[in-house]
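Engineer: My questions all concern the structure below.
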Amino acid sequence: MKRGVVYLVGAGPGDPGLITARGLELIRRAEVLVYDRLVNPRLVAEAPAPAERIYAGKSPEGHALEQDEIDALLVQKALEGKVVVRLKGGDPFVFGRGGEEAEACAAAGIRFEIVPGITSAIAVPAYAGIPVTHRDLSSSFAVITGREDPTKEWTRIHWDKLANGVGTLVVLMGVETLPRTVEQLKRHGLPGTTPAALIEWGTEPRQRAVIADLDTIHAKACVAGIKSPAVTVIGEVARLRERLRWFDNRPLFGKRIMVTRSRAQASALTKRLEERGAEVIEVPTIEIAPPSDWRPLDNAIGHIGEFQWLIFTSVNAVEAFFNRLEHAQRDARTLANVKVCAIGPATAAALQARGVRADYRPDEFTTEGLAKGLNTLVRDRRVLLPRADIAPEDLVRALKREGAQVEQVTVYHTVVPEVSRVLARDVLEQRRADAVTFTSSSTVENLATL
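Just so we're aligned: 277 in our numbering is position 285 of the sequence shown, and the numbers increase by one with no gaps anywhere.
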């Protein structure tokens, strides 16, 4: 049997947008995905549906798998001929035990590749407005772990050099050992007045930061309830936090917003909300499914020349219609003698992407506004209206009042995703959302039924 390959991929510090292009490409090719606790769930969701997903997370409370078990698992899956992606928080070689996993692969004769990730040692301070180096304040920085191997007989951390020879000290995984870190640095000469910062859940919407000095940082962190995962920054650069903070200064930072669009369409809205600082909870209350019978649409496409107007009311209708047009081995040229109307800029943009410029776009997106604008244009004309199965009849009635001969065809069904029922109840019952977005009446009605 042909042997597989193991990719040790750094997922970055938490923000899914910080994954490398190479890392994302490999996740999307994975046959087996072995991922850590701090890997963003959205990155896990990028793996192909058939991929085997194996959680190997570690926390201060315990480990899903011990390190030797992870090493053996990677080798075993590769020996089965699989493409294995080992997805690790931050960078695989910065306190990620990636070196040990690479050694295990090498010893077994398994081909492996290292894909570096953005380490939290730099990214988390940056998201808190703290540069690890600064021309006037720090010309060097060091990164240490707060969790050394407990079986070692002595520490390999040279506290005297860190206290006296480094401009900025970054401590990863050091919340529980913060008192010891402070004590060692002060014992070796670092003043208690040295600025310090502790940043929890850095790069994520729940990021929090505490700023103090070495003498008081532990007490302030306890009062604030700072817990793992957190990054500690010690040095003069911590003073810059108040001047350079940007991530948690955005207008929607700290707000949780539920987005109810279908998952396929939610990404653009989600991205815009997240860029403004919101934590987005995607609970799709609507999913798009094909109609139970394509024959009415196929028949309409076969006789498209008999219609004078084609009216699209949504992006979904555009996509479904043109996908079926392609299925019939036709393209936009089929519509050469048909006028096209688009309701809303998104619908018009979807048509444009298909090579069709709308002949009419109403200024008013209401049923009456559309019918009134089209009144002389559709009178005594045949109109094809591709739409959802649950679309209201108001538009059809209004067009008929204006003298149009309307034929409506169902081009897609809207269904309530079963997976959203538990999630929606959890979010609403625990009041986890500050706001809910709706993009259609059906998303409102479907959420109510959940």
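For each residue, glycine too, the CB sits at the ideal point set by N, CA and C.
Given a cut-off of 7 Å, decide if residue 170 and residue 210 are closer than it, judged by their beta-carbon atoms.
Structural biologist: Contact flag set, yes.
Engineer: Excluding the five sequence neighbours on either side, which residues of its own chain have a C-beta within less than 6 Å of the C-beta of residue 207, listed in chain order?
Structural biologist: Here the set comprises 184.
Engineer: Write down the C-beta distance between residue 276 and residue 404 rounded to the nearest angstrom, noting that I regard them as a contact closer than 8 Å.
Structural biologist: About 15 Å; that fails the 8 Å criterion.
Engineer: Checking 7 Å against the spacing of the C-beta atoms, do residue 334 and residue 299 come in under that value?
Structural biologist: Result no, Cβ atoms of residue 334 and residue 299 do not sit closer than 7 Å.
Engineer: Which whole runs of the beta strand (DSSP E) in the stretch 235 to 318 are 3 residues long or more, in chain order?
Structural biologist: Correct list: 248 to 251, 271 to 274, 279 to 281, 301 to 304.
Engineer: Rounded to whole angstroms, what's the CA-CA distance from residue 329 to residue 348? Just pull it up for me.
Structural biologist: Distance between the alpha carbons of residue 329 and residue 348: 12 Å.
Engineer: Between which two residues does the alpha helix (DSSP H) carrying residue 63 extend?
Structural biologist: First-last of the alpha helix (DSSP H) with residue 63: 59 to 71.
Engineer: Along the beta strand (DSSP E) that carries residue 80, what are the first and last residues, could you check?
Structural biologist: Start and end: 75 to 80.
Engineer: Once DSSP output is grouped into helix, strand and coil, what is the label at residue 103?
Structural biologist: Three-state result, residue 103: strand.
Engineer: Expressed to the nearest angstrom, what Euclidean distance is found between the alpha-carbon atoms of residue 72 and residue 319?
Structural biologist: Cα to Cα, the separation comes out at about 39 Å.
Engineer: Please report the straight-line C-alpha distance between residue 356 and residue 365, rounded to a whole angstrom.
Structural biologist: If I take the Cα positions, the gap works out to 9 Å.
Engineer: For a quick check, are the C-beta atoms of residue 110 and residue 190 less than 7 Å apart?
Structural biologist: No, they are not a contact pair.
Engineer: Who are the Cβ neighbours of residue 102 in its own chain at under 7 Å, not counting the five residues just before and after it?
Structural biologist: Taken in chain order, the residues that qualify are -5, -2, 67, 70.
Engineer: Just verifying my parser: in three-state terms, what is the DSSP assignment at residue 14?
Structural biologist: Three-state result, residue 14: helix.
Engineer: My output table needs one value for residue 349: the three-state DSSP class, helix, strand or coil.
Structural biologist: Residue 349 falls in the coil class under three-state DSSP.
Engineer: Could you check if residue 74 is buried or exposed, using at least 16 other CB atoms within 10 Å of its CB as the buried criterion?
Structural biologist: Residue 74 comes out buried.
Engineer: Taking buried to mean at least 16 other C-beta atoms within 10 Å of its own C-beta, is residue 63 buried or exposed?
Structural biologist: Its Cβ being crowded by 16 or more others within 10 Å, residue 63 is buried.
Engineer: Tell me whether the beta-carbon of residue 444 lies closer than 7 Å to the beta-carbon of residue 378.
Structural biologist: Residue 444 lies beyond the residue range present for the chain, which begins at -7 and ends at 442; the question has no answer from this structure.
Engineer: Does the beta-carbon distance from residue 124 to residue 160 come in below 7 Å?
Structural biologist: Yes. Within cutoff.
Engineer: Give the DSSP-derived three-state secondary structure of residue 223 in the structure shown.
Structural biologist: DSSP places residue 223 in strand when its eight states are reduced to three.
Engineer: List the whole-angstrom C-beta distance separating residue 43 from residue 23, where the pair is believed to meet the contact cut-off of C-beta under 8 Å.
Structural biologist: Residue 43 to residue 23, Cβ: 6 Å. Contact.
Engineer: Do residue 274 and residue 251 have their beta-carbon atoms positioned less than 7 Å apart in this structure?
Structural biologist: Against a cut-off of 7 Å, the Cβ pair of residue 274 and residue 251 comes out as a contact.
Engineer: Go through its chain and collect everything with a Cβ distance to residue 121's Cβ below 8 Å, but skip five positions before and after it.
Structural biologist: Taken in chain order, the residues that qualify are 232, 233, 234, 235, 236, 237, 238, 239.
Engineer: What is the DSSP secondary structure of residue -6, reduced to helix, strand or coil?
Structural biologist: Coil.
Engineer: I believe residue 86 touches residue 115 by the beta-carbon criterion, under 8 Å. Please report the beta-carbon distance rounded to the nearest angstrom.
Structural biologist: No, residue 86 and residue 115 are not in contact; Cβ-Cβ is about 11 Å, not under 8 Å.
Engineer: Can you check which of these residues, 380, 382, 381, 371, is closest to residue 390 by C-alpha distance?
Structural biologist: Per the Cα distances, 371.
Engineer: Taking the alpha-carbon positions, what's the residue 242 to residue 302 distance?
Structural biologist: Roughly 43 Å separates the two Cα atoms.
Engineer: If contacts are defined as beta-carbon pairs under 8 Å, then residue 340 and residue 353 qualify, I think. What distance do you get, rounded to the angstrom?
Structural biologist: That belief holds up - the Cβ atoms of residue 340 and residue 353 are roughly 6 Å apart, short of 8 Å.
Engineer: Please return the same chain residues whose Cβ sits closer than 8 Å to the Cβ of residue 193, not counting the five positions on each side in sequence.
Structural biologist: Contacts found: 6, 199, 200, 221, 222.
Engineer: Out of 31, 382, 315, which has the shortest C-alpha to C-alpha gap to residue 407?
Structural biologist: Per the Cα distances, 382.
Engineer: Is the beta carbon of residue 187 sitting closer than 7 Å to the one on residue 216?
Structural biologist: Against a cut-off of 7 Å, the Cβ pair of residue 216 and residue 187 comes out as no contact.
Engineer: Looking only at its own chain, which residues have a Cβ that is under 8 Å from the Cβ of residue 205, when we skip the five neighbours before and after it?
Structural biologist: Result list for residue 205: 184, 185, 186, 187, 188, in chain order.
Engineer: DSSP three-state label for residue 233, please.
Structural biologist: In the structure shown, residue 233 sits in a helix (DSSP, three-state: H, G or I).
Engineer: Spatial neighbours of residue 369 within its chain, please: CB distance less than 8 Å, with the 5 preceding and 5 following residues excluded, ordered by chain position.
Structural biologist: These residues qualify, in order along the chain: 301, 331, 352.
Engineer: Got a sec? Which residues, its chain only, sit under 6 Å from residue 376 by beta carbon, not counting five neighbours each side?
Structural biologist: Result list for residue 376: 292, 299, 302, 399, in chain order.
Engineer: Using a Cβ-Cβ cutoff of less than 7 Å, which residues in the same chain neighbour residue 164 once the five nearest sequence positions on both sides are dropped?
Structural biologist: Result list for residue 164: 87, 112, 113, 135, 137, 138, 223, in chain order.
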